Each structure stands twice: as structure tokens, then as C-alpha cells.
Amino acid sequence: MKRRQSQQRRPSSRRDHASAHLKGVSARHRRAPRAGGLRMRLRLYVLRHAQAFIDSLGRLRKAPLASIMTIMVIGIALALPTGLYLVIKNLRGFDDQWQSATQLSVFLQKELPAARLNKLLDEFKQDAEISDFEYRDPAAVLIEFSQLADLGDSLEVLDDNPLPGIIIVQASATDTQAMTKLAARLEAKAEVDFVQLDRRWLERLYAIVDIGQRAIIVLACLLGLAVLLVVGNTIRLSIEGRRAEIQITKLIGGTDGFIRRPFLYSGLWYGLFGGVFALILINIALLAIRGPVKALARLYDDSFGLLAVDLSTTGTVVIGAVLLGWGGSWLAVSRHLRDIQPT
Amino acid sequence: MIIEFDHVSKRYEGSRDALHDINFTLDRGEMAFLTGHSGAGKSSLLRLIALIERPSSGRLFVYGKDLAKVKPRQVPFLRRNVGIVFQDHCLLNDRTVFDNVALPLIVSGQLEHAEIARRVRAALDKVGLLDKEKMNPQRLSGGEQQRVGIARAVVNRPPLLLADEPTGNLDPELSAEIMTLFQQFNQVGVSVMIASHDLALIASMRTRVLTLKQGRLVDDRVLA
Ligand SMILES: Nc1ncnc2c1ncn2[C@@H]1O[C@H](COP(=O)(O)OP(=O)(O)OP(=O)(O)O)[C@@H](O)[C@H]1O
Ligand SMILES: [Mg+2]
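Keeping their order, the protein sequence lines are chains A and B. If you count by our numbering, then the first sequence holds residues 1 to 343, one letter each, in order. If you count by our numbering, then the second sequence holds residues 1 to 224, one letter each, in order.
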């Protein structure tokens, strides 16, 4: 009977009534002992995240095989571009060494009188752009040439020495531009036939290194995408496996953020472990090629050192892996969590 | 009032109205049963209140809030004020009874661990399962699982409790026990709405009964 009365009263004061009840509800909640104060809230916030962080590690352990497979795939995918990057990087260090040793070969006119030759050598001595030089007379050049080309006796059939004298010039500057300019200036001298700038092979090396670097960027992008997809797929499967739990959590008032959190942290763990695994792989690989690299280095007067994973590479790999893991799980979570609604 | 249906209809895609032009209100502190044959629309009605479904037409107010104006982001916060008991318990079997009951408090994330533990034990005490808190729900009887579900629904003290066939597959004795439990919550001021087709049990409770027939509200009275 009481109910009928309230129904009759309704049309006149429905809104007032409703809001009074709403106030009643929130007042009741305010009275309930709950966390007040900014510090307490902050503490609870940090606590919640720490808990989700640790919980998600436990989740990884619940499906060890799937977790290990995912981590290994991430590790291999990241080790590949990182390893290539290290090789290219060391190749660059290597050409730095050779760049400073770059020389100009100044080919003189044939049958240059001794007076003019001496005058030229004097000029070279005064030249600030020439740090050092060495004159080789035609006979010396011929011997060197025959040794180099392994022509041996065949040159002896020549009556005349067909070769000019050469001055090997060590330039003060090392950059291509300055050297090209110096070469042009020397070539303009009457005593000089032509100047050879022995940088063509270096430029080829540059081009190769450049292509290599670009290839690594492309490779890193593709493999990074692969890592995103692998983590995304693993997280998608784990979301599927927790469908009922997600539905229940939504029904009792869990926000998307609350439900998302452990999955995002799982992705972060995958990334972290994957990155560490990649570094382990790279270090093992470097250890394996240590011998041959050492032998090669000896051939070049130890002008370059052993390949090594430096601190900044380590940091980049780990941070990149964590971001990729997080990103991959974020993709999966934002794509699939919305589809799971309570029924 | 806590619930107000104002010409509410619900039509699922490709079928006739599961609920048609429903009008009723549930006052604060009131208890009501929702009955009707299978397919009458009992579950659909409760799902509308819990925002699991949205009305096709009409307006529905819960705590005076027009549910049509509740954005998806706000849904969880509204649900925290509505305790729901499911027929199939919906418990997490990889967690203990304690953790299941604690879930609504953890989800809202506003309480310290000690306070959570205190409230969970209070709720478990209320349903008489304090000694089973460390057990896995799978190892409990049907009635015990149902009571864990009830403890979870009331643990954060919602002003409104919804139950869909809470005694669905329990024997009469256990059913009566569960209903008494709901009555006790009602006596301390919680509004309760229970969908059930156990007419004999409902008749013994002397509370308001809403009867649905093919989606229409055909009867609304206190069974005596
Ligand atoms: N998700 C859905 N999609 C389509 N139709 C649905 C859906 N849920 C329910 N229905 C239909 O709506 C009508 C009412 O269903 P509802 O589940 O509300 O009935 P009920 O009274 O709870 O029945 P029961 O006592 O068997 O649980 C039925 O005809 C059912 O087929
Ligand atoms: Mg039903």
C-alpha cells in the first residue's frame, strides 16, 4: 500500500525525489571509511600499480612455454638488426682509421730534368697543405710496379722505362673536399702530369656502409613490427583465456584501465626479457667471431678493436624492447578488450 | 526511488520485444520479486538495470540517474553501486573464496589492504562462510558457491542488490536459506530485486511481486 502512495506522489516531485535519493547514496558512500587525503591516494595508486606489475610477472610464469617462446622470438628479432648495426658501426670506425692515412699520388711528367724536379720538391716542402711526401724515381716505381703486378721478367723486354716518377703526398687535411682541391692545385703545376686521389674505393665503402645502414633501419622497422605483432598476439591469446574473468570484473565495476593494467604490464615484461635475451644472443655471437676479427685486426696493424656491445646500445635495445612490448600489448588490449562485454 | 522504469521497451536484434512498455518503480529499502515463465524477460529487465543492455525505447532511472545519459566510461562507477548475484555464481576458480569476495573492493581501489580484509571477513561472516575463506570455490557446494556470490555482491555495501535466479538449482531448504539472507540485507536498508520462478518460495516471503508475461508487466502486488 505504501508503494501505491509513492506512485501517486511521483508526477509532482519526481526529480526532487530522485536527486534526494542520489544524494542519500553518495552521502552514504562518503560516510564509509575510505581513503582520504592526497598522500593516501597516491600511496594506494602506487601500491595498485606495483601489485599489477608483480601480478603480471606471476601470470607469465603460469604459461611458461608460451612466455619463453614469445621472449625468444622477441630476442631473435631484436638481435638481428642490433648485431648488424654493431658490424656497420665498427666498419665506420675502421674507415676513420684509413681516412687519415689517405694519400695522393702525384705522377710527374716523363723525363723531368733534375733541376725542375728539385724545384718542385722544394715547393712541396714549403706547402702548408702537405704534411709529408716521398719521391720515387722511375726506376723505383718500375720495380714496385713489377712486384705488385707480378710481371717479373716480362718488363725487362722493355728497353725504356715507360713509367714516370711519382711523389706520394700525405695531405694535412683529411676530408674529401680539401683533398680534391689540393689535387687540382698540384695538377695545375707544369711538372705534374696528373694526380690520383686514392679515395675511390673509400667512397665505395662509404656507399656500401650507407646502404647497409639504410638496410638496417628498414630491417629494424620490419622486425620491430614483428615484435609488436608477436606480443600483440600473445596478449590477445591471454585475453581470450581470461574472457570470463574480464566479464566478471566488468560486471562488478572494473574500469577498462583496471582490466588493461595487468595485460600492459605483461607486455612490458615480455619486452624487457626479450631485450635482455637479444643482448645475450649478440654477446654470444660476438664471442664466436672474436677469433677471426682479431686475426683481421692484426693484418691492419690493430687499427680497429674488437666489436663490443657498448652501454648506449644496451640501453637502446632494452628500452626499445620494453616500449615495443608495451606497444604490442596496448594494441591487443585496445582492440580486444572492448569486444568482451558481460552478457 | 532507486529504480524507475518509464515506458521501457527492449528489443533484441531480429526478434519481437523481449520487454514491452514496462512501468514501475522500486523505492529505497524496498524488496521485490520478479517472476514469469521462461523467456518472459526477467533477465533482460535486470540486465537493463545493470547497464549490460540498453533500453530500445523509454527511460530508465537508477538512483535518479537517466541511464541513457551514462557514458560507457561511467558505467563501471554506476555498477559499483549495484550488487549483482548470478545464477551460475560467476566466481573465479583460480582464486580463493577470499580473493573472489575481495574483487569489488580491489577493483574500486580505494581501500587499504587491512580494511579490505576486514570487510571481506564481515561479508563472509554474514553468509556463514568465514571458515572457508582460503578454499577454492570449485570445492564448495552449490549453495556455498551461491553464498560466496552473495558475499561478493554485498561486500562494498551497495544500496541496491539484484539477483537473477539465485536459487535456480538449489534444493528447497537451501533456497529458503538464501532468500532469508536477502531478506536480512533488505532489513538493514538495502533495496533488493530478485528474479525467480519459484512461486512457492516467493509466496512464503510476503513481499512485492512483479509478474512478467511475454515481455509485459501483467501484475504488481504483494502476495499474501
Ligand atoms: N542476447 C539476446 N539476443 C536475442 N534475444 C535475446 C537475448 N537475450 C534474451 N533474448 C530473448 O528475450 C526474451 C527474454 O529473455 P530473458 O532471458 O530475459 O528471459 P527470462 O525471463 O530470464 O527467461 P529464463 O527464466 O529462462 O531465464 C527471450 O525470448 C529471449 O529469447
Ligand atoms: Mg533468465
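All residues carry an ideal CB built from backbone N, CA and C; glycine is no exception. These numbers come from a predicted model, not from an experiment.
- C-alpha of residue 112/B to C-alpha of residue 133/B: approximately 19 Å in a straight line.
- Residue 58/A and residue 138/B have their alpha carbons spaced roughly 22 Å apart.
- Pairing residue 19/B with residue 45/B gives a Cβ-Cβ distance under 8 Å.
- Contact annotation: in the stretch 106-132 of chain B, residues whose CB is within less than 9 Å of a CB in chain A are 106, 107, 108, 109, 110, 111, 112, 113 and 115.
- Between residue 195/B and residue 155/B, the gap from beta carbon to beta carbon reaches 8 Å or more.
- Shown in chain order are the residues whose CB sits closer than 7 Å to a heavy atom of ligand 2: 42/B, 43/B, 164/B, 165/B and 195/B.
- Within the stretch 62-146 of chain A, complete alpha helix (DSSP H) segments of at least 4 residues are found at 64-100 and 114-126, given in chain order.
- Secondary structure of residue 198/B (DSSP, three-state): coil.
- Within chain A, 248, 249, 252 and 254 have C-beta atoms less than 9 Å from the C-beta of residue 103/B, given in sequence order.
- The Cβ atoms of residue 170/B and residue 36/B lie no closer than 8 Å to each other.
- For residue 36/B, the shortest C-beta to heavy atom distance toward ligand 1 is below 7 Å.
- Within chain B, the residues placing a beta-carbon under 9 Å from that of residue 44/A are 109, 110, 111 and 112, ordered along the chain.
- Under DSSP, no beta-bridge partner is assigned to residue 58/A.
- Between the stretch 179-188 of chain B and the stretch 146-165 of chain B there are three or more C-beta pairs closer than 8 Å, enough to call the two in contact.
- In this structure, residue 169/A places its C-beta atom within 8 Å of the C-beta atom of residue 103/A.
- Here residue 65/B is bridged, per DSSP, to 62/B.
- Fewer than three pairs of CB atoms, one per stretch, sit closer than 8 Å, so the stretch 58-75 of chain B makes no contact with the stretch 223-234 of chain A.
- If you look at residue 286/A, you'll find it in the alpha helix (DSSP H) that goes 256-288.
- For residue 139/B, no CB of chain A lies under 8 Å from its own CB, so it is not counted at the interface with that chain.
- If you check the CB distance, residue 329/A and residue 263/A come in under 8 Å.
- By a beta-carbon distance limit of 8 Å, residue 32/B contacts residue 209/B. Their separation comes to about 7 Å.
- Taking a C-beta cut-off of 9 Å against chain A, the contacting residues of the stretch 76-88 of chain B are 76, 77, 78, 79, 80, 81, 82, 83, 84 and 86, listed in chain order.
- If you compare the alpha carbons of 274/A, 272/A, 190/A and 310/A with that of residue 286/A, the shortest gap goes to 310/A.
- At a C-beta separation below 8 Å, residue 52/B has these neighbours in chain A: 251, 341, 342 and 343.
- With respect to residue 153/B, residue 84/B sits close: the two C-beta atoms are nearer than 8 Å.
- The C-beta of residue 60/B comes no closer than 8 Å to any C-beta of chain A.
- Taking C-alpha positions only, residue 243/A is separated from residue 82/B by approximately 22 Å.
- Using a Cβ-Cβ cut-off of 7 Å, residue 92/B is close to 245 and 248 of chain A, given in chain order.
- According to DSSP, residue pairing for residue 168/A in a beta bridge involves 105/A and 134/A.
- Distances from the CB of residue 32/B to the heavy atoms of ligand 1 are all 7 Å or more.
- Chain-order list of chain B residues neighbouring residue 48/A: 109, by C-beta distance under 8 Å.
- Chain B has a Cβ within less than 8 Å of the Cβ of residue 258/A.
- Proximity of the beta carbon of residue 89/B to ligand 1 is not indicated: no heavy atom of the ligand is located closer than 7 Å.
- Residue pairing by DSSP puts residue 9/B in a beta bridge opposite 57/B.
- For residue 167/A against residue 133/A, the beta-carbon gap comes to about 5 Å, under 8 Å, which counts as contact.
- Assignment of residue 83/B by DSSP, reduced to helix, strand and coil, places it in the strand class.
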